[in-house]
Amino acid sequence: MKRMLAVFRARNSEFFRDRSTLTWNILFPFLLLLGFYYIFSQAQPMYKVGVLSVQDGYISRPVFMAVKHIQFIPYGDLDTGLAPLTRHQIDLLIDIDRAQYWVNQESRKGYMAEQLLAVKDPNFQRRVIRGDAIRYVDWVLPGIIGMNIMFSALFGVGYAIVRYRKNGVLKRLNATPLTALEFIFGQLLSRILMVVIVGLVLFLGARLLLSTLMLGRLGWLVLTMLIGALALVSLGLLVAARLRSEEFTGGLLNMTTWPMLGLSEVWFSLEGAPHLVQQISQLMPLTHLVQAMRAIMLEGAGFMAISDHLAILALMAVVFLALGAATFSWDADGR
Numbered sequence: 059m060k061r062m063l064a065v066f067r068a069r070n071s072e073f074f075r076d077r078s079t080l081t082w083n084i085l086f087p088f089l090l091l092l093g094f095y096y097i098f099s100q101a102q103p104m105y106k107v108g109v110l111s112v113q114d115g116y117i118s119r120p121v122f123m124a125v126k127h128i129q130f131i132p133y134g135d136l137d138t139g140l141a142p143l144t145r146h147q148i149d150l151l152i153d154i155d156r157a158q159y160w161v162n163q164e165s166r167k168g169y170m171a172e173q174l175l176a177v178k179d180p181n182f183q184r185r186v187i188r189g190d191a192i193r194y195v196d197w198v199l200p201g202i203i204g205m206n207i208m209f210s211a212l213f214g215v216g217y218a219i220v221r222y223r224k225n226g227v228l229k230r231l232n233a234t235p236l237t238a239l240e241f242i243f244g245q246l247l248s249r250i251l252m253v254v255i256v257g258l259v260l261f262l263g264a265r266l267l268l269s270t271l272m273l274g275r276l277g278w279l280v281l282t283m284l285i286g287a288l289a290l291v292s293l294g295l296l297v298a299a300r301l302r303s304e305e306f307t308g309g310l311l312n313m314t315t316w317p318m319l320g321l322s323e324v325w326f327s328l329e330g331a332p333h334l335v336q337q338i339s340q341l342m343p344l345t346h347l348v349q350a351m352r353a354i355m356l357e358g359a360g361f362m363a364i365s366d367h368l369a370i371l372a373l374m375a376v377v378f379l380a381l382g383a384a385t386f387s388w389d390a391d392g393r
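Here it is, written out as structure tokens:
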């Protein structure tokens, strides 16, 4: 019992003396709570309605737009607005300038939103489209694959390198002809191979068991996984470039992963979210990975349609790798 208590006291002293870890363990949950409070503080609307108008400020604003519990989402052109309407992501699409609207005949919520519009603005002309709702399991699968790649890439690389540094393995490797860049690339290639294999197993298992949707080519999906994994592994290498505390590393990795998990459309769409939130989301590699995979699987997108996402992921990977190699430290004391 005395030996156990001695270990207990020693471990507590170690934790409380590590001020960076202690501060982060207290601060991070509050930051996370405040962030989600800001994003989801508004009551969720009953209906989502897309709005088309080339006139600034909706000069001829319909009476319908004053109805409560409806979220109005602006779209720049008709095709952009019809796509989510076809997939039941919005319930109605109205064109203010032409006094017409589109409704999906297969949407129950679209029917109710149409009845409200008919009461408030009966002069709007009706247009009909068709399209079955995408199952949630089809929509969420790319997010789950991306989430798995993110956690495997960041924690698998970050913890391993910090452990190597803390145990003196990196210091011994430094005595060999191995360069920092060679070590980083070795770690990077190994982890990318593993996370892509696991991602493909998850994708094929879902296809086999749940008949999930796949409209695009498997080759483009694999390429997206590879480039996305490259960006996320590079980010993990950057985070762990100089750290020697596994607990502090865990705090930084949580700071990296949880915002991406909440803002990269893994579990839910940011359609209609505050513009600032959507802008922040576009700065995260997981967002581009998930959006590219979702476009391939649910829309049959080809290379040109996802090229912007792939280019951003590749650029992020180059920046993260360059910074990681420049700041990499072999020694446990950070010299």
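Each residue of the sequence shown is one higher than the one before, starting from 59 at the first, in my numbering.
Quick reminder that beta carbons are idealized off the backbone N, C-alpha and C, glycines included.
Since the structure is predicted, the reported quantities are computational estimates derived from the model, not experimental observations.
- Non-local C-beta neighbours of T314 in its own chain, meaning closer than 8 Å and more than five positions away in sequence, comprise L212, L293 and V297, ordered along the chain.
- Around L379, the same chain offers S292 as residues with beta carbons nearer than 6 Å, after the five sequence neighbours per side are excluded.
- Excluding sequence positions up to five before and after I219, its CB lies within less than 6 Å of the CB of A298, all in the same chain and listed in chain order.
- One thing to note: I187 has its Cβ within 7 Å of the Cβ of W160.
- Restricting attention to T307, H333, L341 and R300, the CA atom closest to the CA of P317 is found in L341.
- By alpha-carbon distance to R221, the top candidate from I285, G308 and V348 is G308.
- Apart from the 5 residues on each side of it in sequence, G274 sits with its Cβ closer than 8 Å to the Cβ of A353, I354, M355, E357, G358, A359 and G360 in its chain, given in chain order.
- Taking C-beta atoms as the reference points, G263 and I203 fail to come closer than 7 Å.
- Within the region 343-381, complete alpha helix (DSSP H) segments of at least 4 residues are found at 343-357, given in chain order.
- Around the Cβ of Y194, a 10 Å sphere holds fewer than 16 other Cβ atoms; the residue is exposed.
- Annotation: the continuous beta strand (DSSP E) that includes F130 extends over I128 to Y133.
- DSSP places L150 within a strand segment (E or B) once states are collapsed to three.
- Taking C-alpha positions only, T282 is separated from L347 by approximately 7 Å.
- Shown here, V324 sits in coil according to DSSP, grouped into three states, outside any helix or strand.
- Under DSSP, N162 forms a beta bridge with I187.
- Collapsing the DSSP output to three states places G308 in a helix.
- Between the alpha carbons of F122 and T138 lies a gap of roughly 22 Å.
- Secondary structure at L290: helix, using DSSP grouped into helix, strand and coil.
- DSSP places V335 inside the alpha helix (DSSP H), whose first and last residues are H333 to S339.
- Annotation for L110: the continuous beta strand (DSSP E) segment containing it runs Y105 to L110.
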